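Participant: Following this message is one structure expressed as structure tokens.
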Amino acid sequence: MFPRHSITISLSAYLFITCFSGKAIALETPPFDASEHQEIAAIDQDFTPDDRVISDLSDSLIDPEFDKNLPSLRMAWQERSGQLWQTDVDGVTGAWTPSNGRQSLVDTDLTVVGKTRQGPEWAYDNRGNRLIYTKKMESGQPRLYQAWRDPTTQQLVKTPLVAGDNKALYETSHDLGDPTPRIIYSYRKADANRTTMAYGWREIDEPTTDALLPLNFQFPQWVSGRRAIVATARIDGVRQVVYYDIDTGKTTIITSDLAQKRFPLIWQDPATQSYVLSAVMDDTTIGIWRQKSQDDWVLTSHLNPPTELPYIFKPDWFVWHGASYLAYLMHTEKSGQTQNHQGKGEVWVSCMSESHCQFLHRQVNHSTITRIKDVENLAVDHTVYVYYAEILPDQRRLIHRADSGLSLSNP
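Going left to right, the sequence shown walks through residues 2 to 412 as the numbering used here numbers them.
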């Protein structure tokens, strides 16, 4: 049974808001003024990128996804032909063998990523992390699947998720040792005029938890360490960040300014032990909010990378020795306009924990590599690597491994 959705407003939100129920709440809205907030802006100009191609130069490797559970690092990826591969990752070099990523075939006949918008992902749990992915049924419709290695027999086990028909994977939870790992899935919602993509969630092993998210949610992501989802929702024409408690169905509106938000993320910053929210604002800056109380989030800073490239695409957070960082792509084209990958891109790492950082902004890729996609990060035993795909003229993808320059003695 689906939970009834309720809604509250963050104490920092002062906006004329139309609730999901259709009722209006009249509030006053001060326009967002970035000059009122602390700006994080200090570039590490002395840094020399260590950026290397680590995939097979004669092949194409698409969107690698990492199981980041040290010491047993793994990578999985999906070929255009629908084959799902897995390979071990070296905990020092961050490379995999063979370099084409085809160490172990997991499954075949996966749904084309272009239709689902998401490839395979690792879900973290208390029995050994597993792969969740989308396969194509005989009808052509998607179906959710899982694969893992039995800890006793070491045999590969792959099964469809119960009640997983007509659903495609969107996101997995990444809480280590989680007894109830979860997914966000997508499905096609048809109305009189068009078919749109909508979302739901469930615990992987308990189909009775299945529940649909409010229809205007976009960019849903799991909140690290909590049974909650952060997303954006259109409110009076503006994409605001919302916080959704999956156990109560309660939605809290976090932001209120007039900037359009994309790619929201929430995690716990080890430097302050408080939860932090990042979201891309109007495609050109990253806003940073910190949680002051249960429903009160305060915009504390904004991040403007020191580059001529105007647009920010899909930040990815990570924690390294007491500080929070974001790895992300800067681009000449807005999100949604980069399908042909003709524009120029740069890969950046920025620190969110100002008092605990050795640098605030650092470009980690070689400036000569410009057609870029799919930024990922992976912490190994001595540093954090940032991976990205270089798009060649023939549309093959080479995977680069760029060293963030972080180390055990120089966080």
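No residue lacks a Cβ here, since even glycine has one placed at the ideal position from N, Cα and C. All of these numbers come straight from a predicted model, not from anything done at the bench.
Return the residue from the list Asn130, Asn127, Phe220 that minimises the CA-CA distance to isoleucine 267.
Facilitator: Locating residue 267 in the sequence shown gives position 266, where the first residue counts as 1. It is Phe220 whose Cα lies nearest to the Cα of isoleucine 267.
Participant: So serine 225 and aspartate 176 are in contact, right, with Cβ under 8 Å, and what is the actual spacing, rounded?
Facilitator: Sequence index remark: in the sequence shown, residue 225 carries index 224 (1-based). Sequence index remark: in the sequence shown, residue 176 carries index 175 (1-based). At roughly 7 Å, the Cβ-Cβ gap stays under 8 Å, so serine 225 and aspartate 176 are in contact.
Participant: What residue range is occupied by the uninterrupted beta strand (DSSP E) comprising threonine 88?
Facilitator: Walking along the sequence shown from the start, residue 88 turns up at place 87. Where threonine 88 is concerned, the enclosing beta strand (DSSP E) stretches over 85–89.
Participant: Can you give the Cα-Cα distance for serine 279 and threonine 154, rounded to whole angstroms?
Facilitator: Stepping through the sequence shown from its first residue, residue 279 is reached at position 278. Stepping through the sequence shown from its first residue, residue 154 is reached at position 153. Answer to the nearest angstrom: the Cα atoms are 42 Å apart.
Participant: Starting from glycine 178, trace the alpha helix (DSSP H) both ways and give me its first and last residue.
Facilitator: Residue numbering aside, residue 178 sits at position 177 when the sequence shown is read from its first letter. Segment: none, glycine 178 is in no alpha helix (DSSP H) and carries neither H nor E.
Participant: What are the boundary residues of the beta strand (DSSP E) that lysine 315 is part of?
Facilitator: Along the sequence shown, one-based indexing puts residue 315 at 314. Here the beta strand (DSSP E) through lysine 315 covers 312–321.
Participant: How should methionine 198 be labelled, buried or exposed, when 16 other C-beta atoms within 10 angstroms of its C-beta is the threshold for buried?
Facilitator: To locate residue 198, count along the sequence shown from 1; it is residue 197. Classification for methionine 198: exposed.
Participant: Counting only the same chain and skipping the five closest in sequence on each side, list residues whose C-beta sits under 6 Å from that of isoleucine 370.
Facilitator: Counted from its first residue, the sequence shown places residue 370 at position 369. Only Glu391 meet the Cβ criterion.
Participant: Leaving aside the five residues before and after valine 93 along the sequence, list all residues of the same chain whose C-beta is less than 8 Å from its C-beta, in chain order.
Facilitator: Within the sequence shown, residue 93 is the residue found at index 92, counting from 1. Cβ neighbours of valine 93 beyond the five flanking positions: Val381, Asp382, His383.
Participant: What would DSSP say about glycine 115, mapped onto helix, strand or coil?
Facilitator: As a first step, residue 115 is located in the sequence shown; it is residue number 114 there, counting from the start. Note: glycine 115 maps to helix in three-state DSSP.
Participant: For a test of the three-state rule: what should DSSP assign to serine 356, helix, strand or coil?
Facilitator: By 1-based counting over the sequence shown, the position of residue 356 is 355. Serine 356 falls in the helix class under three-state DSSP.
Participant: Which residue's Cα is closest to the Cα of serine 56: Gln104, Gly141, Asp68?
Facilitator: For this step, residue 56 is matched to residue 55 along the sequence shown. The candidate whose alpha carbon is nearest that of serine 56 is Gln104.
Participant: Could you pull the DSSP bridge partners for tyrosine 146 from this structure?
Facilitator: Locating residue 146 in the sequence shown gives position 145, where the first residue counts as 1. Paired residue(s): Tyr134, Pro161.
Participant: Closest to threonine 160 by C-alpha separation, out of Gly83, Asp206, Trp202, Asp395, would be which residue?
Facilitator: Reading the sequence shown from its first residue, position 159 is the one you call residue 160. Selected option, being the one with the closest Cα: Asp206.
Participant: Taking the Cβ atom as the reference point for each residue, do asparagine 366 and aspartate 47 lie within a distance shorter than 8 Å?
Facilitator: As a first step, residue 366 is located in the sequence shown; it is residue number 365 there, counting from the start. As a first step, residue 47 is located in the sequence shown; it is residue number 46 there, counting from the start. Cβ atoms of asparagine 366 and aspartate 47: not closer than 8 Å.
Participant: How far does the beta strand (DSSP E) with glycine 201 in it reach, from first residue to last?
Facilitator: The residue given as residue 201 occupies position 200 in the sequence shown. That run of the beta strand (DSSP E) goes 196–204.
Participant: Hey, quick one: how far does the beta strand (DSSP E) through glycine 102 stretch, first residue to last?
Facilitator: Mapped onto the sequence shown, residue 102 falls at position 101. Counting along the chain, glycine 102 falls outside any beta strand (DSSP E), and DSSP gives it neither H nor E.
Participant: Taking 8 Å as the threshold (C-beta atoms), are arginine 240 and leucine 249 in contact?
Facilitator: Locating residue 249 in the sequence shown gives position 248, where the first residue counts as 1. Locating residue 240 in the sequence shown gives position 239, where the first residue counts as 1. The sequence given here places threonine at residue 249; leucine does not occur at that position. Result no, Cβ atoms of threonine 249 and arginine 240 do not sit closer than 8 Å.
Participant: With a threshold of 16 other CB atoms inside 10 Å of the CB of serine 59, please say whether the residue is buried or exposed.
Facilitator: As a position in the sequence shown, residue 59 is number 58, starting the count at 1. Exposed is the call here.
Participant: Decide yes or no for the touch test of the stretch 62–74 against the stretch 393–408: beta carbon pairs closer than 8 Å, at least 3 of them.
Facilitator: yes
Participant: Taking the CB atoms as reference points, tell me whether leucine 327 and serine 351 lie closer together than 8 Å.
Facilitator: Looking up residue 327 in the sequence shown gives position 326. Looking up residue 351 in the sequence shown gives position 350. Against a cut-off of 8 Å, the Cβ pair of serine 351 and leucine 327 comes out as a contact.
Participant: Would you list the residues sitting across from alanine 124 in a DSSP beta bridge?
Facilitator: Walking along the sequence shown from the start, residue 124 turns up at place 123. Alanine 124 pairs with Arg131.
Participant: Beta strand (DSSP E) containing leucine 266: first to last residue?
Facilitator: As a first step, residue 266 is located in the sequence shown; it is residue number 265 there, counting from the start. From DSSP, the beta strand (DSSP E) with leucine 266 extends over 262–270.
Participant: Compute the Euclidean distance between the alpha carbons of valine 277 and arginine 235, then round it to the nearest angstrom.
Facilitator: Within the sequence shown, numbered from 1, the residue matching residue 277 stands at position 276. Within the sequence shown, numbered from 1, the residue matching residue 235 stands at position 234. Taking the straight line joining both Cα atoms gives about 22 Å.
Participant: Can you tell me which of the three DSSP states glutamate 391 falls into?
Facilitator: Within the sequence shown, the letter at position 390 stands for residue 391. Glutamate 391 sits in a strand when the DSSP states are folded into three classes.
Participant: Can you tell me whether DSSP reads glycine 406 as helix, strand or coil?
Facilitator: One-based indexing of the sequence shown puts residue 406 at position 405. Note: glycine 406 maps to coil in three-state DSSP.
Participant: Hey, is the stretch 121–138 in contact with the stretch 95–102, meaning 3+ C-beta pairs nearer than 8 Å?
Facilitator: Look at the beta carbons and you see the stretch 121–138 not touching the stretch 95–102: under three pairs across the two are nearer than 8 Å.
Participant: How long is the line joining the alpha carbons of threonine 210 and phenylalanine 218, rounded to whole angstroms?
Facilitator: Here the question's residue 210 lines up with position 209 in the sequence shown. Here the question's residue 218 lines up with position 217 in the sequence shown. Taking the straight line joining both Cα atoms gives about 19 Å.
Participant: Can you tell which of Glu204, Asp237, Leu216 has the C-alpha that lies nearest to the C-alpha of tryptophan 223?
Facilitator: Indexing the sequence shown from 1 puts residue 223 at position 222. Checked all of Glu204, Asp237, Leu216; the closest Cα to tryptophan 223 is Glu204.
Participant: What is the residue span of the beta strand (DSSP E) that lysine 374 lies within?
Facilitator: Stepping through the sequence shown from its first residue, residue 374 is reached at position 373. That run of the beta strand (DSSP E) goes 373–380.
Participant: Quick one: using the 10 Å Cβ neighbour count with 16 as the cut-off for buried, is arginine 144 buried or exposed?
Facilitator: Along the sequence shown, read from residue 1 onward, the residue named residue 144 stands at position 143. Buried, by the Cβ-count rule.
Participant: Can you give the Cα-Cα distance for threonine 19 and serine 140, rounded to whole angstroms?
Facilitator: Counting from one through the sequence shown, the residue named residue 19 turns up at place 18. Counting from one through the sequence shown, the residue named residue 140 turns up at place 139. Unreliable positioning characterises threonine 19 in this predicted model, as indicated by a pLDDT of 37, which lies under 50. A coordinate reading is not provided.
Participant: Going by Cα to Cα distance, which pick from Ala164, Asp283, Phe319, Trp149 is closest to histidine 303?
Facilitator: As a position in the sequence shown, residue 303 is number 302, starting the count at 1. Checked all of Ala164, Asp283, Phe319, Trp149; the closest Cα to histidine 303 is Asp283.
Participant: Within 10 angstroms of its Cβ, does lysine 374 collect 16 or more other Cβ (buried), or is it exposed?
Facilitator: Locating residue 374 in the sequence shown gives position 373, counting from the first residue. So lysine 374 counts as buried.
Participant: Three or more C-beta pairs closer than 8 Å, one from the stretch 285–292 and one from the stretch 313–327: is that the case here?
Facilitator: yes
Participant: For asparagine 130, count the other beta carbons within 10 Å of its own beta carbon; 16 or more makes it buried, fewer makes it exposed. Which is it?
Facilitator: Sequence index remark: in the sequence shown, residue 130 carries index 129 (1-based). Under this definition asparagine 130 is a buried residue.
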